[in-house]
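Colleague:
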Amino acid sequence: MFYGEPRCYRTLPQRRICGVWMPGFEQSLFLHDVADLSAVRAIRYEDLPWLEIANGATGLPTTNDIMSHRAAYRLCFLGRESDYYGAYGHMGMSRTGVLLEKVETIQEIPIPAALKFIPPVGN
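If you use the numbering used here, the sequence shown corresponds to residues -8 to 114, in order.
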């Protein structure tokens, strides 16, 4: 359970958001305005927004399809961004959040073998 402050849940107005989503075990990371991961060398968990899926969100593959293998998705959706730094996602590892409400487009893309993941400081 997250014991954050109410201001951490404030969001900006709904808009179209595009980028790359990297779901997985204890992660749901989002890279804004990125079409693929070919130029990304490292991902620092705490620097990326946590992508949360709203109740009733439409257009996503089933959870089993998403979690069955390590994957990344090019994604455009209607959603909202947090407007306050807080603790979002698994163990509060992200400082910002993005709320996905309706998928417009989704396409699986490759994850480069050399891509490095840098966990939050202290882990």
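Just so it is clear, CB atoms sit at the ideal spot from N, CA and C, and this is done for glycine as well. Everything numeric in this text was worked out from a predicted model, so none of it was measured.
Indicate whether A63 and I100 have their beta-carbon atoms separated by less than 8 Å.
Modeller: yes
Colleague: If L20 sits next to Y36, beta carbons under 8 Å apart, how far is it from one beta carbon to the other, in whole angstroms?
Modeller: 7 Å
Colleague: Could you check how far apart the C-beta atoms of G88 and E43 are, in whole angstroms? I think they sit under 8 Å.
Modeller: 6 Å
Colleague: Give the DSSP-derived three-state secondary structure of A104 in the structure shown.
Modeller: coil
Colleague: With distances taken between CB atoms, is the gap from G10 to V31 smaller than 8 Å?
Modeller: The answer is no: Cβ separation not under 8 Å.
Colleague: Can you pull the DSSP bridge partners for S73?
Modeller: For S73, which the question treats as bridged, DSSP gives the partners T2.
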